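2 protein chains.
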Amino acid sequence: MAQTVTAAVIIIGDEILSGRTQDSNLKTIAEFLNPLGVEVREARVIPDVHETIVKTVDVMRTRHDYVFTTGGIGPTHDDITADAVAAAFERTIDVRADALAILRPWYEARGQEINEGRMRMARIPAGAELIHNPVSAAPGFMLGNVFVMAGIPSVMRGMLQDVGHRIKGGAVLHAHTVRGAGLREGDIAEPLGALAKARPEVSFGSYPWMRLKGKTTEYGVNLVARSRDPDLIAAALLALVEIVEAQGVKPEIDPKKD
Amino acid sequence: MAQTVTAAVIIIGDEILSGRTQDSNLKTIAEFLNPLGVEVREARVIPDVHETIVKTVDVMRTRHDYVFTTGGIGPTHDDITADAVAAAFERTIDVRADALAILRPWYEARGQEINEGRMRMARIPAGAELIHNPVSAAPGFMLGNVFVMAGIPSVMRGMLQDVGHRIKGGAVLHAHTVRGAGLREGDIAEPLGALAKARPEVSFGSYPWMRLKGKTTEYGVNLVARSRDPDLIAAALLALVEIVEAQGVKPEIDPKKD
């Protein structure tokens, strides 16, 4: 069996927990990691509290191959992630020349002063490698197996471009979906459960959906098979097609959706 | 000082961790709880794994006043939340007459059989109170301080209507935003940090934003003050207005945004 490589995502910020901001970084990171053969196994949303960040990073970095944090690396007083990650690794942290060499020309070219707040963004833990920020210059960093990235989605996506080459992935988890429009989960629960029992080496999921179209509600079920073995998944896909057809529904296969 | 009541949210489902589905339930629950005086302090996204659900529920229910789970209470084999919550509380679980009395007429009215899968949705832990589901009948439940709800956002929102009256909240955390268009966080980091240090009883946050409008990128900073004391927050709001004005920018106050 091919190797499984796992990751945890830590979303840092009071604004996500208060409902002020809708997180989208978890989905972006998961979709980025899937084809690299890295599986996100857990995610935590935590507040801007030093001790909480330190402890969460420390637990996650020993439990998973990779950890991704987003949020808390800007110039203001509530941006405390870099210091907390340094503390989790028991490293010192200070303004670093390599980070300042990126920030200084960026602000000078814009006629903005590098003040105390902006200097904060050059605080990088000792031994960390910088992550390039093509959007707004202030870098993220990698320390051990932890990638520390910005919270703003566009900046975070920019930083991911400098992450892939540092990842040693495992076998890719393939996922295929069979869509059964007009089906309810209750219609297919029994044969799906029997299939899951008969093929324990494949993971099966069932995801009901509904949406308003004009005045009618459309609904259906997406059945998903996941495996690292392409042969197993092909066979599983056929079995899912049979389950949907047995209900008198024409199955649709959407190769783009995982 | 008024009492602080806290909550944790547990989002259960492989489909969130894989990036297949964008969670929106955390934001909905947080916005629902804020005016009740309940503060979401942490959230975890976990896979459909029995032991993980049991352990996470157990840790969260002792750490917080309330716990909200979403996902995993449907009719299929991967819907294992009810059994896991029962295990966390060391309760028995079986098909319950009160739940079946809701499901049976619902399916009969639609000419659908109550098969084995649908019977699963009547499995409720001993001692739990049902949560009404106005959308698709199958109930959620409350056991101790844990509210177990559906993962589909529309169903989850329906269930929340039967949750509020069971919550004993604390003092409401008020939050007000001052918006500074055209400002960068680095412009206001120093005075904001000084303000946060001078008023430790108020929590200050800084949230940069940017968006494309036509061919230009608009950007700015939202400065947020949070407190349980309305008088403190009024004073803090004035101080934030001064910080924005000192940059030559006209502050906007959006009372609807927290």
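Order-wise, the sequence lines are chains R and U.
Going by this note's numbering, the first residue of the first sequence is number 113, and it counts up by one from there.
Going by this note's numbering, the first residue of the second sequence is number 113, and it counts up by one from there.
Where is the CB? At the ideal position from N, CA and C, for every residue including glycine.
As the structure is a prediction and not an experimental result, all values here were calculated from the model.
Taking R:Ala293 as the reference, give the member of R:Tyr319, R:Gly281 and R:Pro217 with the closest Cα. Nearest C-alpha to R:Ala293: R:Tyr319.
Report yes if the C-beta distance between U:Ala198 and U:Ile205 is below 8 Å; otherwise report no. With contacts defined by Cβ atoms closer than 8 Å, U:Ala198 and U:Ile205 form a contacting pair.
Per the contact definition of three or more C-beta pairs closer than 8 Å, is the region 228-248 of chain U in contact with the region 295-310 of chain R? At 8 Å Cβ cutoff, the stretches touch.
For R:Pro159, which of R:Gly131, R:Val150, R:Leu145 and R:Glu151 has the nearest alpha-carbon? Among R:Gly131, R:Val150, R:Leu145 and R:Glu151, the Cα nearest to that of R:Pro159 is on R:Gly131.
Starting from U:Thr193, trace the alpha helix (DSSP H) both ways and give me its first and last residue. Counting along the chain, the unbroken alpha helix (DSSP H) around U:Thr193 starts and ends at Thr193 to Ala200.
Where U:Met113 sits in the DSSP three-state scheme: At U:Met113 the pLDDT is 46, less than 50, meaning the model places this residue with poor confidence and gives no usable figure here.
Cβ contact (3+ pairs, closer than 8 Å) linking the region 251-264 of chain R and the region 173-190 of chain R: The region 251-264 of chain R, when compared against the region 173-190 of chain R, does touch it at the 8 Å Cβ threshold.
Let me make sure I understand the geometry here. Which of U:Glu297, U:Leu138 and U:Val169 has the alpha-carbon closest to that of U:Asp195? Closest by alpha carbon: U:Val169.
Counting contacts by CB-CB distance shorter than 8 Å, is U:Met271 in contact with chain R? With respect to chain R, the C-beta atom of U:Met271 has no partner C-beta closer than 8 Å.
Would you kindly report the start and end of the unbroken beta strand (DSSP E) that includes R:Ser266? First-last for R:Ser266: Pro265 to Leu272, but that is the alpha helix (DSSP H), not the beta strand (DSSP E).
Which of the three DSSP states is assigned to U:Gly229 in this structure? In the structure shown, U:Gly229 sits in a helix (DSSP, three-state: H, G or I).
Please confirm whether R:Val336 and R:Leu295 have their CB atoms less than 8 Å apart. With contacts defined as CB atoms closer than 8 Å, R:Val336 and R:Leu295 fail to qualify as a contacting pair.
Have a look at R:Thr116 and R:Asn146 and give me their C-alpha separation to the nearest angstrom. Each residue's Cα considered, the two are about 12 Å apart.
Pull out every residue of the region 149-183 of chain U whose Cβ sits closer than 7 Å to any Cβ of chain R, in chain order. Answer in chain order: Val152, Arg153, Glu154, Ala155, Arg156, Val157, Ile158 and Pro159.
When you compare only the Cα positions, how much space is there between U:Gly298 and U:Arg208? In this structure, the CA atom of U:Gly298 is about 59 Å from the CA atom of U:Arg208.
Return the chain-ordered list of same chain residues with a C-beta closer than 6 Å to the C-beta of R:Tyr219, the five sequence neighbours on each side being excluded. For R:Tyr219, the CB contacts under 6 Å within the same chain, skipping 5 residues up- and downstream, are Ile226 in chain order.
Given a cut-off of 8 Å on the beta-carbon distance, is the pair U:Gly252 and U:Met233 in contact? At the C-beta level, U:Gly252 and U:Met233 stay beyond 8 Å of one another.
For a quick check, are the C-beta atoms of U:Leu344 and U:Glu313 less than 8 Å apart? Their beta carbons are under 8 Å apart, which means U:Leu344 touches U:Glu313 by this criterion.
Counting pairs of beta carbons, one from the region 121-141 of chain R and one from the region 239-254 of chain R, are three or more of them closer than 8 Å? The region 121-141 of chain R makes no contact with the region 239-254 of chain R, as fewer than three CB pairs between them are under 8 Å.
Whole-angstrom distance between R:Arg269 and R:Thr140, CA atom to CA atom: The straight-line gap separating the alpha-carbon atoms of R:Thr140 and R:Arg269 is approximately 8 Å.
Is it the case that the Cβ atoms of U:Arg340 and U:Val284 are separated by a distance below 8 Å? In this structure, U:Val284 lies closer than 8 Å to U:Arg340 by Cβ.
I want to verify the contact list: residues of chain U whose CB lies under 9 Å from the CB of R:Leu349, in sequence order. Close partners of R:Leu349 in chain U (Cβ separation under 9 Å) are lacking, with about 16 Å as the shortest Cβ gap.
Going by DSSP, which residues form a beta bridge with R:Asn137? DSSP output for R:Asn137 lists no bridge partner at all.
Determine whether the Cβ of U:Asp370 lies closer than 8 Å to any Cβ atom of chain R. In this predicted model, U:Asp370 has a pLDDT of only 43, less than 50, meaning its place in the structure is not dependable; the value taken from the coordinates is given anyway. It does: the Cβ of U:Asp370 has a partner Cβ on chain R nearer than 8 Å.
Cβ-based contacts, 9 Å cut-off: residues of the region 275-303 of chain R near chain U: Here the close residues are Leu285, Ala287, Thr289, Arg296, Glu297, Gly298, Asp299, Ile300, Ala301 and Glu302.
Who are the near neighbours of U:Phe144 in its chain, counting only those whose CB is closer than 7 Å to its CB and skipping five residues on each side? Contacts found: Leu272.
Taking only three categories from DSSP, how would you classify U:Asn245? DSSP places U:Asn245 in coil when its eight states are reduced to three.
U:Gly229 at chain R interface by Cβ criterion, 8 Å: Chain R places a beta carbon closer than 8 Å to that of U:Gly229, counting this residue as a contact.
Measuring CB to CB, does R:Ala310 end up less than 8 Å from U:Pro187? Taking C-beta atoms as the reference points, R:Ala310 and U:Pro187 fail to come closer than 8 Å.
Using only the alpha-carbon positions, how far apart do U:Ala120 and R:His189 sit? Distance between the alpha carbons of U:Ala120 and R:His189: 25 Å.
Is there a Cβ of chain U sitting closer than 8 Å to that of R:Asp206, yes or no? Not one chain U Cβ lies under 8 Å of R:Asp206.
Could you name the residues that DSSP lists as bridge partners for U:Pro320? In DSSP, U:Pro320 forms a bridge with U:Val333.
By the DSSP assignment, the alpha helix (DSSP H) with R:Val80 in it spans what residues? This structure does not reach residue 80 of chain R, given that chain R is present from 113 up to 370, and the question cannot be answered.
Since R:Asp126 is in the alpha helix (DSSP H), which residue starts that stretch and which ends it? Start and end: Asp126 to Leu129.
Taking only beta carbons into account, state which residues of the region 324-356 of chain U come closer than 7 Å to chain R, listed in chain order. Taken residue by residue, none of the region 324-356 of chain U has a beta-carbon sitting less than 7 Å from a beta-carbon on chain R.
Neighbour flag for R:His244 against chain U, beta carbons, 8 Å: Taking 8 Å as the threshold, the shortest C-beta distance from R:His244 to chain U does not fall below it.
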